[in-house]
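Report on the structure given below.
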Amino acid sequence: MDALLSEDWLKQTVDLLVRLVELAGAVVIFVGAAVAFARFLVTAVRTRDAERFVPVRLNLGRFLALGLEFQLASDILRTAIAPTLREIGELAAIAAIRTALNYFLGREIKEERSELAKAAAAASGATSAAPPE
Amino acid sequence: MTALLQLAALCCVVAGLVAGGAVGLATRSLRAGLPVALDFWLAAGLLRLGADPGWTSLLATAAIVAVRRLVTWSLGTARTR
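Going line by line, the protein sequences match chains A and B. In terms of the UniProt record's numbering, the first sequence opens at residue 1 and continues consecutively. In terms of the UniProt record's numbering, the second sequence opens at residue 1 and continues consecutively.
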């Protein structure tokens, strides 16, 4: 039982979990970037309207925020095995940056979504206000 | 895994250049292309931070976040003017 719950075993298990969660975050970010890249190119070929790119950016922002959540989870896991004060300080700085970024991304997503909703409402208002032919 | 993440980050940097350029050319405005490129470079910074969580990559990502905020804010104020 002692061997099963030794400090080394715990360290290795947490290290493996950290790597897995970090990899999941990286995969989410990379897949989001790849999907957004393809959609940006298709939209750029099809239209010249800048508004059409907003939903694609919104989607990319969502992927980045989700990837960040995974990376934050790995930071939290890492605190379980950070032995020195210096490592904990570095971890705190990275977690602070990621938390701030997540906050700003969330705010941007909210702003852009409300702008899209406003534009959609204005467009539907203009259609209903137009006299029937 | 570190080499793979570095490669993925490099791909995101190139994707930012291409997508930002394509959007800028399609809309004929730098205002539309720059935020797109910055989004991809932010993704690259996050991937690099995952590969090597040291002070250098941390400062680089913080700088990208600051520039991104500044550009978004300045574009927002230019739009409302």
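Just so you know, even glycine gets a beta-carbon here, dropped at the ideal spot from N, CA and C.
Against chain A, does B/A15 count as a neighbour if the rule is that its beta carbon must be under 9 Å from one of theirs? Here residue 15 of chain B refers to the residue found at position 15 of the second sequence. Yes, its Cβ sits closer than 9 Å to a Cβ of chain A.
In whole angstroms, give me the CA-to-CA distance for B/A3 and A/V27. Position 3 of the second sequence, counting from 1, holds the residue named residue 3 of chain B. Position 27 of the first sequence, counting from 1, holds the residue named residue 27 of chain A. Going by the C-alpha atoms only, they are around 14 Å apart.
Buried versus exposed call for B/A19 [16 or more other C-beta atoms within 10 Å across all chains shown]: Within the second sequence, residue 19 of chain B is the residue found at index 19, counting from 1. Flag for B/A19 reads buried.
Are the C-beta atoms of A/E108 and some chain B residue less than 9 Å apart? The count along the first sequence starts at 1 and reaches residue 108 of chain A at position 108. Yes, contact with chain B.
Of the residues that make up the region 34-53 of chain B, which ones have a beta carbon closer than 9 Å to any beta carbon in chain A? P35, V36, D39, F40, L42, A43, A44, L46, L47, L49, G50, A51, P53
Touching or not, the region 23-42 of chain A and the region 58-73 of chain A, by the rule of three or more beta carbon pairs under 8 Å? yes
Can you check whether the C-beta of B/L5 is within less than 9 Å of a C-beta belonging to chain A? Position 5 of the second sequence, counting from 1, holds the residue named residue 5 of chain B. It does; some Cβ of chain A falls within 9 Å.
Taking the straight line between their C-alpha atoms, what separation do you get for A/E51 and B/D39? Start at 1 with the first residue of the first sequence, and residue 51 of chain A comes out as number 51. Start at 1 with the first residue of the second sequence, and residue 39 of chain B comes out as number 39. Approximately 16 Å between the Cα atoms of the pair.
What whole-angstrom Cβ distance do A/G106 and A/A65 have, given they're in contact under 8 Å? As a position in the first sequence, residue 106 of chain A is number 106, starting the count at 1. As a position in the first sequence, residue 65 of chain A is number 65, starting the count at 1. Yes, A/G106 and A/A65 are in contact; Cβ-Cβ is about 6 Å, under 8 Å.
Once you ignore the five residues that flank B/L49 on each side, which residues in its own chain have a CB closer than 6 Å to its CB? Working through the second sequence from its first residue, we reach residue 49 of chain B at position 49. Excluding residues within five positions, the ones whose Cβ falls inside 6 Å are S57, T61.
Could you check how far apart the C-beta atoms of A/V18 and A/L91 are, in whole angstroms? I think they sit under 8 Å. As a working mapping, residue 18 of chain A is identified with position 18 in the first sequence. As a working mapping, residue 91 of chain A is identified with position 91 in the first sequence. Between A/L91 and A/V18 the Cβ distance is about 11 Å, and since that is not below 8 Å, they are no contact.
Could you work out which residues of chain B lie near A/E115, taking near to mean beta carbons separated by less than 8 Å? Here the question's residue 115 of chain A lines up with position 115 in the first sequence. Near A/E115 there are no residues of chain B at all, since even the closest Cβ is about 10 Å away, more than 8 Å.
Can you name the start and end residues of the alpha helix (DSSP H) that B/G21 belongs to? Within the second sequence, numbered from 1, the residue matching residue 21 of chain B stands at position 21. Start and end: 2-27.
Which residue comes first and which comes last in the alpha helix (DSSP H) that contains A/E69? Mapped onto the first sequence, residue 69 of chain A falls at position 69. Per DSSP, A/E69 belongs to the alpha helix (DSSP H) from 54-78.
State the DSSP-derived secondary structure class of A/R46, mapped to helix, strand or coil. Reading the first sequence from its first residue, position 46 is the one you call residue 46 of chain A. Correct three-state label for A/R46: helix.
Taking only beta-carbon positions, decide if B/L25 is within less than 9 Å of chain A. Translated into the one-based positions of the second sequence, residue 25 of chain B becomes position 25. Taking Cβ atoms only, chain A reaches closer than 9 Å to B/L25, which makes this a yes.
Straight-line CA distance for A/A80 to A/Q71? The residue you call residue 80 of chain A lines up with position 80 of the first sequence. The residue you call residue 71 of chain A lines up with position 71 of the first sequence. Going by the C-alpha atoms only, they are around 15 Å apart.
So B/I64 and B/G45 are in contact, right, with Cβ under 8 Å, and what is the actual spacing, rounded? Your numbering for residue 64 of chain B matches position 64 in the second sequence. Your numbering for residue 45 of chain B matches position 45 in the second sequence. Contact holds; Cβ gap of about 5 Å.
Measure the Cβ-Cβ separation of B/L5 and B/L59 and say whether it is below 9 Å. The residue given as residue 5 of chain B occupies position 5 in the second sequence. The residue given as residue 59 of chain B occupies position 59 in the second sequence. Taking 9 Å as the Cβ cut-off, B/L5 and B/L59 do not qualify as a contacting pair.
May I have the straight-line CA-CA distance separating A/A117 from A/P83, to the nearest angstrom? Taking the first sequence and counting its residues from 1, one reaches residue 117 of chain A at position 117. Taking the first sequence and counting its residues from 1, one reaches residue 83 of chain A at position 83. Rounded to whole angstroms, A/A117 to A/P83 spans 49 Å at the Cα level.
Between A/V21 and the rest of its own chain, which residues show a CB-CB distance below 7 Å, the 5 nearest in sequence each way excluded? Taking the first residue of the first sequence as position 1, residue 21 of chain A is located at position 21. Contacts found: F70, A73, S74, L77.
A/I94 - DSSP class collapsed to helix/strand/coil: Position 94 of the first sequence, counted from the first residue, corresponds to residue 94 of chain A. Helix, per DSSP.
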